[in-house]
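Heads up, the sequence shown is in my numbering, so the first residue is 396 and it goes up one at a time.
Note that the Cβ used here is the ideal one computed from N, Cα and C, for glycine as well.
Read through the structure below, which is laid out as structure tokens, and then see the notes.
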Amino acid sequence: MARPKISVIGAGNVGASVAQYTVEKELGDVVLVDVVEGIPQGKALDLAQAGPIHGYDSRLIGTNGYDETADSDIVVITAGLARKPGMTRDDLLFKNAEIVGSVVEQVVSRSKHAILILVTNPLDAMVQLAWKKSGFPTERVIGMAGVLDSARFRTFIAQELQVSVENVTAFVLGGHGDSMVPLPRYSTVAGIPITDLLPADRIQALVTRTANGGAEIVAFLKSGSAYYAPAASAVEMVEAILKDKKKILPCAAYLNGQYGTKGLYVGVPVKLGRKGVEQIIEIKLQADEQAAFDKSAAAVRELVDKLKL
Ligand code: TXD
């Protein structure tokens, strides 16, 4: 059986790390695409030469064109500009909309059955745009943000309580931005809600740090934004899909009435399998949680409206 084909558009920090983790897990062959000449070729060759050491046989191709992406199973789109210090995700809106729009056109004309995973910011608006441009069914266009946001929350919870990150699950809803909605009562350590383990003010501090998690890293790096955890998050989604794991992960998915939102991509827990988003998991929110979700969805809708899709 042929190996799955995963194309990664944008060979920058996130894209190159997505390629790296994908081949290290030997999930399939990888095509790395970028507009900058030589970068995808060089990174693909370098990663191929790590194969004998890591023991992967995945093929890697780097290119400035799209023909090599034909018949991809999954396309991870990271092309775009990253945030610079002081820049909000929203500043990126119009520039990245142009880039993502053209990338999606190139990709879908060659891979009609692919599943698209969007990474480029502002994430929720870019997924909506990609879905519109692609003409694909909603279950095959998905955004990565919640896996990252919840991984950040899990990291902080594990550090606070001095427990293994493996014991910590966390639940984050809403758009990827300052209005994201971490849900402490569904965030657990070995099954115990953190609301039983930590005082409210400590939880609030961790929630705030999670919501600002991206900016905290931008402030350190100065010339770019986070990429190891974002790439690992996208690859967790790739793996769940290719292995048909039916894994419940928080992703930006198209809501058609769920959580009281219609016609909009927002972060919610979904079941990921070979068909993409196979189910949207709806949980009953308390009034304050629903209000926070609505506020977050409204912030996403405001951006999407600016794109006039
Ligand atoms: O949670 C999330 N969704 C995110 C989002 C977490 C981390 C990063 N997030 C966003 O992903 C970030 O705000 C950016 O919008 C993207 C990519 O971040 P990255 O850190 O990888 O940015 P780089 O290193 O600048 O890489 C972007 C690459 C770069 O090599 C450009 O040459 C390329 O994109 N690029 C393109 N490739 C193909 N086609 C076109 N048109 C193009 N334009 C730029």
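Less than 8 Å separating the Cβ of residue i from some heavy atom of ligand 1?
i	result
P625	yes
N562	no
S545	no
H571	yes
D424	no
I401	no
D429	yes
L702	no
N607	no
I404	yes
Within 10 angstroms of the Cβ of residue i, are there 16 or more other Cβ atoms? Answer buried if so, exposed if not.
i	result
I678	exposed
L704	exposed
Q523	buried
In the DSSP assignment, what are the bridge partners of residue i?
i	result
S628	According to DSSP, which records beta bridges pairwise, S628 is partnered with nothing at all.
L667	K642 and V672
Y660	Y649
If you drop the 5 nearest sequence neighbours on each side, which residues of the same chain put their C-beta closer than 6 Å to that of residue i?
i	result
E421	Y451 and S453
A410	Rather than Ala, the amino acid found at residue 410 in this sequence is Gly. Counting only Cβ-Cβ distances below 6 Å, and skipping sequence neighbours, we find V403 and T473.
S691	G569, G570, S574 and V576
R604	F551
K642	A635 and L667
Can you give me the start and stop residues for the beta strand (DSSP E) that residue i sits inside?
i	result
A673	Checking the displayed sequence, the identity of residue 673 turns out to be Glu instead of Ala. Per DSSP, E673 belongs to the beta strand (DSSP E) from G671 to I675.
V426	D424 to V428
S402	K400 to I404
In chain order, what residues of the same chain lie with their CB nearer than 8 Å to the CB of residue i, ignoring the 5 residues before and after it?
i	result
L698	D485, L488, P517, D519 and A520
I537	I510, L511, I512, L513, V522, M632, C646, A647, A648, V665, L667, G671 and V672
V630	V413, Y416, T417, K420 and L422
Specify, as a first and last residue, the run of the alpha helix (DSSP H) that residue i falls within.
i	result
Y719	Nothing can be reported for residue 719: it is not among the residues displayed for the chain, which extend from 396 to 704.
I552	G541 to L556
T605	A595 to A606
I537	Element bounds for I537: not the alpha helix (DSSP H) but the beta strand (DSSP E), V536 to G538.
Grab me the residues of residue i's own chain with a C-beta within less than 7 Å of its C-beta, minus the 5 sequence neighbours each way, in chain order.
i	result
Q674	V665 and K666
G652	none
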